[in-house]
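A.B. asks: Residue numbers (the numbering used here): 1 to 196.
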Amino acid sequence: MTPLQRVAMGLVIVFGIAMFPAHPTPSWESYDALADPVGWALVLLGTKDLAGRHPQLTGAHRAAVVAGLVSVPLWFPQLNHEVSGAGAWAVQVPQGLACLLLCVGIGRLAAEQEPRDAYAAKRFGLLTYGFAVVLVLPALVEGGGLSGLGPAADLVKLVVVVAAVWFLFRVHRRTWLGGPGPLEVPAAGPGRPRDE
Numbered sequence: 001m002t003p004l005q006r007v008a009m010g011l012v013i014v015f016g017i018a019m020f021p022a023h024p025t026p027s028w029e030s031y032d033a034l035a036d037p038v039g040w041a042l043v044l045l046g047t048k049d050l051a052g053r054h055p056q057l058t059g060a061h062r063a064a065v066v067a068g069l070v071s072v073p074l075w076f077p078q079l080n081h082e083v084s085g086a087g088a089w090a091v092q093v094p095q096g097l098a099c100l101l102l103c104v105g106i107g108r109l110a111a112e113q114e115p116r117d118a119y120a121a122k123r124f125g126l127l128t129y130g131f132a133v134v135l136v137l138p139a140l141v142e143g144g145g146l147s148g149l150g151p152a153a154d155l156v157k158l159v160v161v162v163a164a165v166w167f168l169f170r171v172h173r174r175t176w177l178g179g180p181g182p183l184e185v186p187a188a189g190p191g192r193p194r195d196e
């Protein structure tokens, strides 16, 4: 598994939700089967390898460490249901910051490649802006009294996270990001069996 595959799968676990039991009593006593600390452990494995190759990504790794530590007590419903409003935004800042710093780092590294990796530079540059918006929108919704923007903020977050996971998987084979290089698929031709 490449470093970016670990990061992408970790983000799927972190941002995904699978609550159990279905009908808890009291209503707040449910757990997320996709435990965020497990997701952050995968992200940490990926970012540690990336930070070892590229010191520019050390900040993303450190922010992921903080996000992982914050996620441990929040997995338990006894504490999780107590956090709301500005407190909920504050505990989500490390995860947004980790994603933001990762996208900044990958985008800059892509621009520095010879030849320039325009695909990765553009996509991760846009994701940088996306995660910046994801970080700021909850503060506007909660602190700015713009509660009508709540559903729109959730939609923006969903789109940005799905795009981040998609593009992490799209570029995971890049050798400069710790990948194995391009996938070599032999062309079907005379004398070669063709998969049906």
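Ideal placement from N, C-alpha and C gives every residue a C-beta, glycine not left out. Just so you know, these numbers come straight off a predicted model, no measurement behind them.
Under the assumption that Ala86 contacts Gly143 (Cβ atoms under 8 Å), give the Cβ distance between them as a whole number of angstroms.
C.D. replies: 6 Å
A.B. asks: Going straight from the alpha carbon of Gly178 to that of His172, what length do you get?
C.D. replies: 8 Å
A.B. asks: At the level of alpha carbons, what is the spacing between Val66 and Val93?
C.D. replies: Just so you know, the alpha carbons of Val66 and Val93 end up roughly 10 Å apart.
A.B. asks: So Leu127 and Phe167 are in contact, right, with Cβ under 8 Å, and what is the actual spacing, rounded?
C.D. replies: The C-beta distance from Leu127 to Phe167 rounds to 7 Å, short enough to meet the 8 Å contact threshold.
A.B. asks: Can you name the start and end residues of the alpha helix (DSSP H) that Met9 belongs to?
C.D. replies: Under the DSSP assignment, Met9 falls in the alpha helix (DSSP H) whose first and last residues are Pro3 to Phe15.
A.B. asks: In terms of DSSP beta bridges, what is Asp32 paired with?
C.D. replies: Asp32 is bridged to Met19.
A.B. asks: Candidates Trp75, Asp117 and Ser27: which alpha carbon is nearest Ala33's?
C.D. replies: Trp75
A.B. asks: Where do the N-terminal and C-terminal ends of the alpha helix (DSSP H) with Arg62 fall, by residue?
C.D. replies: Following the DSSP letters along the chain, one finds Arg62 inside the alpha helix (DSSP H) bounded by residues Thr58 to Leu74.
A.B. asks: Give me, in chain order, the residues of the same chain whose beta-carbon lies closer than 7 Å to that of Val156; leave out the 5 immediate sequence neighbours on both sides.
C.D. replies: Within the same chain, Val156 has close Cβ partners Val133, Val134 and Leu137.
A.B. asks: Leaving out the 5 sequence neighbours to the left and right, which residues in its chain are closer than 6 Å to Leu50 when beta-carbon positions are compared?
C.D. replies: Pro3 and Leu57
A.B. asks: Would DSSP call Thr128 helix, strand or coil?
C.D. replies: helix
A.B. asks: If you follow the alpha helix (DSSP H) that Val112 is in, where does it begin and where does it stop?
C.D. replies: For the sequence presented, residue 112 should be read as Glu rather than Val. Residues Ala86 to Glu112.
A.B. asks: Cβ of Gly46 within 7 Å of Cβ of Ile13?
C.D. replies: no
A.B. asks: Where does Gly10 land, buried or exposed, given buried means 16+ other C-beta within 10 angstroms?
C.D. replies: buried
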